[in-house]
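In the working numbering, the protein residues as written are 13 to 278.
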C-alpha cells in the first residue's frame, strides 16, 4: 500500500510539491515516509514542519526510498540518475520520471537493465487531489503498476497508456489545464465587459466550468449532446457559439494542442 511506502521526490518544484500536498492529505499517510530534495530547501520549510524529511542530498533520499520520483527538468534526468545510481537496487526502488519527452529507453541508458522504471505525467491539480495522470512502465509487474497507480490515484485519477502516447498525454492533461485556465480567464473578461465585477464573474465562471466537467463525467456525455440541451432556435447561446466559431475558436484550440505536441516531438 502507498501509505506504507517510503517516497522520495527529487527536485521538488511546483509539480513535486503538488504531489507532496496530495500525499499529505491522505489520512493514513505518515509524513515521515516522504522525503523532498531541493538545492535550496528554504521553500520547503513548511513540509519539514509537518514531519517530512527535507534536505538537498539526492543520493540519501534515493537510498531509503521505495519509490523515487524525479521531479526535475528533462535535461537533468540523466545527470540525476547518474548521481543516485550507487544507491539504486533493481529489486528495491521503483523509478518514476515526471519529465516531458524523456523516454524509458533514455532512462535505461543510465539505469540497470533489471530496474523498474515508470514515466508519469500528472498536472498541478494534484494539489487538490484532482489530477489526471497517465503512466507507462518497463519491467514492472502488475503489483508494481498497481502501487504506482495507487500513488497517483491519491492525487486524482490514473490511466495506464502505451509509451508512444505519453507526449500526447502531456499535451491533453498537463498543458491542457493551462488551456482551460486561459479559456476561463477570457470568459471572466467577457463577464466583466457585460457588467459583473471581477470577483462575481470569477465565481460564476469557476462554478460553470466545474459543473460542465462534472456533467460530462457523471452523465458520460459527449459535449455536443450537452450543448444541444442548452441551445434553442434563434437563442442567445447558439448566436454566441456561432460567433466564436466564426472567429476560429475550435480551430484555435485544435491548433494549440497540435503546436504543443509538435514542440515536444522536436
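Backbone N, C-alpha and C fix where the C-beta goes; we use that ideal spot for every residue, glycine too.
Self-check item: Proximity below 7 Å, CB of residue 182 to CB of residue 145
Solution: no
Exercise. Could you pull out every unbroken alpha helix (DSSP H) segment of at least 4 residues lying fully inside the segment 169-214, listed in chain order?
Key: 178-181 and 188-205
Quiz item: First and last residue of the alpha helix (DSSP H) that includes residue 8?
Solution: Only positions 13 to 278 of the chain appear in this structure, which leaves residue 8 out of reach.
Quiz item: Does the Cβ-Cβ distance between residue 196 and residue 157 come in under 7 Å?
Solution: no
Exercise. Tell me whether residue 47 is buried or exposed, calling it buried when 16 or more other Cβ atoms sit within 10 Å of its Cβ.
Key: buried
Exercise. Tell me, please, which residues DSSP counts as bridged to residue 65.
Key: 47
Self-check item: First through last residue of the alpha helix (DSSP H) which encompasses residue 116
Solution: 116-119
Practice problem: Compare the Cα-Cα distances from residue 29 to each of 105, 99, 117 and 141 and report the closest residue. | Solution: 141
Quiz item: Taking the C-alpha atoms as reference points, what is the distance between residue 191 and residue 225?
Solution: 14 Å
Quiz item: Is residue 109 helix, strand or coil by DSSP?
Solution: strand
Quiz item: If you check the beta carbons only, do residue 1 and residue 143 fall under 7 Å apart?
Solution: Within the shown structure, residues of the chain are numbered from 13 to 278, placing residue 1 beyond reach of any answer.
Exercise. To the nearest angstrom, report how far apart residue 99 and residue 107 are at their CA atoms.
Key: 12 Å
Quiz item: When you compare only the Cα positions, how much space is there between residue 253 and residue 209?
Solution: 23 Å
Quiz item: Beta carbon of residue 151, beta carbon of residue 128: below 7 Å?
Solution: yes
Quiz item: What residues in its chain sit with their C-beta under 6 Å from that of residue 130, if we drop five residues either side in the sequence?
Solution: 108, 147, 149 and 160
Quiz item: Using 8 Å as the Cβ pair cut-off and three pairs as the minimum, do the segment 70-81 and the segment 15-30 touch?
Solution: yes
Quiz item: Taking C-beta to C-beta, are residue 49 and residue 73 nearer than 7 Å?
Solution: yes
Practice problem: For the alpha helix (DSSP H) holding residue 251, just list the boundary residues, first then last. | Solution: 248-258
Self-check item: residue 102 vs residue 124 beta-carbon contact at 7 Å
Solution: yes
Quiz item: Expressed to the nearest angstrom, what Euclidean distance is found between the alpha-carbon atoms of residue 212 and residue 232?
Solution: 30 Å
Quiz prompt | Host alpha helix (DSSP H) of residue 150 (start-end) | solution = No alpha helix (DSSP H) holds residue 150; the beta strand (DSSP E) holding it covers 143-150.
Self-check item: Extent of the continuous beta strand (DSSP E) to which residue 130 belongs
Solution: 128-133
Quiz item: How long is the line joining the alpha carbons of residue 64 and residue 272, rounded to whole angstroms?
Solution: 35 Å
Exercise. Look at the Cβ atom of residue 68, then the Cβ atom of residue 51, and state whether they are nearer than 7 Å.
Key: yes
Quiz item: Among 85, 126 and 266, which one has its Cα closest to the Cα of residue 153?
Solution: 126
Practice problem: Report the rounded CA-to-CA distance for residue 204 versus residue 134, giving the unit in angstroms. | Solution: 33 Å
Quiz item: Where does residue 45 land, buried or exposed, given buried means 16+ other C-beta within 10 angstroms?
Solution: buried
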